[in-house]
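Structure first, commentary second.
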Amino acid sequence: MAGRPRGVDDSTILRAAVEVMGRTGPAKLTLAAVAREVGLVPGTLVQRFGSKRGLLLALARHGAARFAELRERVGREDGSALDALARLIAETWSPVATPQAYAHHLAFLCSDLADPEFRESALASERAQHDACRALLDRAADAGELHPDTDVAALTETVRAAVTGAGLLWAVDHEGGLAERRRAALTATLAPHRTDATTSTDAGDPLGATGTTDRRDTA
54 MAGRPRGVDD STILRAAVEV MGRTGPAKLT LAAVAREVGL VPGTLVQRFG SKRGLLLALA
114 RHGAARFAEL RERVGREDGS ALDALARLIA ETWSPVATPQ AYAHHLAFLC SDLADPEFRE
174 SALASERAQH DACRALLDRA ADAGELHPDT DVAALTETVR AAVTGAGLLW AVDHEGGLAE
234 RRRAALTATL APHRTDATTS TDAGDPLGAT GTTDRRDTA
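Residue 54 is where the sequence shown starts when you use this note's numbering, and the numbers rise one by one after that.
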């Protein structure tokens with residue numbers, strides 16, 4: 054391991070912290086466990102982050118930065134605004150593979166909301182996700198993908214509540230996958246507002262998530 058610490062950047066450490074958090078939850082996460090994940094000694098993490106609290110604050114900010122990168126990438130991809138929203142909804146929690154890991158990350162969020170610094174990071178992340186959803190729904194409305202009388206502001210709030218609730222239910226019932234459940238919630242929420250009854254079979258398509266028949270299949 055000689056010389057390796059210099060080759061391990063902060064983003065690699067924080068990705069490892071995401072994995073450890075998913076296995077242990079916030080209470081049992083330690084600098085030593087994260088250090089082992091990337092082949093470092095705990096003292097290196099102390100030098101980088103100062104303490105467990107410093108690492109957790111960096112982890113909270115890392116999540117917000119990762120979402121910003123995801124939003125930018127999705128925005129560059131071809132396809133409709135609603136397709137882009139479906140991809141964004143599905144991929145936001147992509148590093149989390151199991152209901153237990155999801156529950157542990159939620160525990161991390163909830164346990165520190167009383168702490169002003171952690172709450173600030175959580176609020177910034179929530180606002181970023183809200184704004185991304187609103188921007189894509191506005192784009193969908195402008196493109197005629199939504200009915201003209203759609204209240205986009207209200208629909209944004211409903212979408213955010215539906216996909217968040219789908220994640221919470223998944224953590225309890227363990228049915229299907231998280232991305233699948235979130236896409237299905239998005240599909241159901243958007244259905245009354247869409248101008249098209251069916252759409253393409255693109256894997257990222259919100260209607261495709263629930264197996265809605267494509268027009269081409271019925272021709």
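C-beta atoms are modelled at their ideal positions from N, C-alpha and C, and glycine is treated no differently.
Small disclaimer: the values here were computed from a predicted structure and weren't measured.
Can you list, in chain order, the residues of its chain with a C-beta nearer than 8 Å to that of residue i? Leave out the 5 residues immediately preceding and following it.
{"i": "Ser164", "result": "Pro79, Ala80"}
{"i": "Ser64", "result": "His115"}
{"i": "Glu198", "result": "Ser133, Ala134, Leu135, Arg247, Thr248, Asp249"}
Leaving aside the five residues before and after residue i along the sequence, list all residues of the same chain whose C-beta is less than 7 Å from its C-beta, in chain order.
{"i": "Ala88", "result": "Val94, Pro95, Thr97, Leu98"}
{"i": "Ala156", "result": "Ala224"}
{"i": "His183", "result": "Thr209, Arg213"}
{"i": "Pro148", "result": "Val71"}
{"i": "Val127", "result": "Ala137, Arg140, Leu141"}
Considering only C-alpha positions, which residue in the set the options is nearest to residue i?
{"i": "Phe161", "options": "Thr240, Ala113, Arg236, Ala241", "result": "Ala113"}
{"i": "Glu179", "options": "Thr203, Leu109, Glu210, Asp204", "result": "Glu210"}
{"i": "Asp202", "options": "Phe120, His246, Glu170", "result": "His246"}
{"i": "Ala118", "options": "Ala143, Ala232, Arg68", "result": "Arg68"}
{"i": "Ala11", "options": "Arg124, Glu173, Glu90", "result": "A query on residue 11 cannot be resolved here, the shown segment of the chain reaching from 54 to 272 and no further."}
{"i": "Gly92", "options": "Thr77, Leu108, Asp62", "result": "Asp62"}
{"i": "Ala134", "options": "Arg187, Glu90, Arg192, Pro169", "result": "Arg192"}
{"i": "Glu122", "options": "Arg106, Glu144, Asp195, Ala175", "result": "Glu144"}
Just grab the DSSP bridge partners of residue i for me.
{"i": "Leu199", "result": "Arg247"}
Would you say residue i and residue j are within 9 Å of each other, going by their C-beta atoms?
{"i": "Gln153", "j": "Gly103", "result": "no"}
{"i": "Gly220", "j": "Arg234", "result": "yes"}
{"i": "Ala311", "j": "Ala238", "result": "Not covered by the structure: residue 311. The range shown for the chain is 54 to 272."}
Among residues of its own chain, excluding the 5 on either side of residue i, which ones have a beta-carbon nearer than 6 Å to its beta-carbon?
{"i": "His227", "result": "Pro152"}
**Request:** Note down, one range per segment and in chain order, each alpha helix (DSSP H) of at least 4 residues found wholly within the stretch 86–152.
**Result:** 95–102, 105–129, 134–144
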